[in-house]
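Here's the structure, in structure tokens; my notes come after.
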């Protein structure tokens, strides 16, 4: 019997790896290391390619306030690093929805990253009713 074909999620490259929907959470700290390298992250994140990435971004002018939603995953941590590197006054906001067992530790990862890179931090805890189409 053939497996049903799953359509890619809207806005996702169909060649990208599938999202982790296992419900086990993720090691959010891996995301930060992936952004700045395997060593200890530092405020002077300036690895090869950072200036190339910044050239492709459109951030507000330097010193402009900017709020970034940061989940703790590699993509949103990269956004945090790039926004700070662009000179914006960044506030990282994490929403702890409590759906995964590690959601509180993800907030800690974001708080630590925000402090490390000189950004502000705010965390919001929300209650989400479980049901169909939760995501």
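Residue numbers (the working numbering): -6 to 128. C-beta: ideal position from N, C-alpha, C; glycine also.
Check                                                                                                                                                                                       : Outcome
I need the DSSP call for residue 46, collapsed to helix, strand or coil.                                                                                                                    : helix
Mind checking residue 78: buried by the 16 CB within 10 Å criterion, or exposed?                                                                                                            : buried
Once DSSP output is grouped into helix, strand and coil, what is the label at residue 52?                                                                                                   : coil
Rounded to the nearest angstrom, what separates residue 43 and residue 57 at their Cα positions?                                                                                            : 20 Å
Excluding sequence positions up to five away, which residues of its chain have a Cβ less than 8 Å from the Cβ of residue 119?                                                               : 88, 89, 90, 91
For residue 76, collect the residues of the same chain with a Cβ closer than 7 Å to its Cβ; drop the 5 residues on either side in sequence, then sort them by chain order.                  : 52, 59, 61, 83
Give every residue of the same chain whose Cβ lies closer than 8 Å to the Cβ of residue 81, excluding the five residues on either side of it in the sequence, and list them in chain order. : 52, 53, 55, 56, 57, 58, 59
In chain order, what are the residue ranges of uninterrupted beta strand (DSSP E) at least 3 long that sit wholly in the segment 93 to 124?                                                 : 113 to 118
In three-state terms, what does DSSP make of residue 127?                                                                                                                                   : coil
Check whether the Cβ atoms of residue 64 and residue 117 sit closer than 8 Å, and answer yes or no.                                                                                         : no
Alpha helix (DSSP H) containing residue 77: first to last residue?                                                                                                                          : 67 to 78
According to DSSP, what are the bridge partners of residue 135?                                                                                                                             : Because the chain here runs from -6 to 128, residue 135 falls outside it and cannot be looked at.
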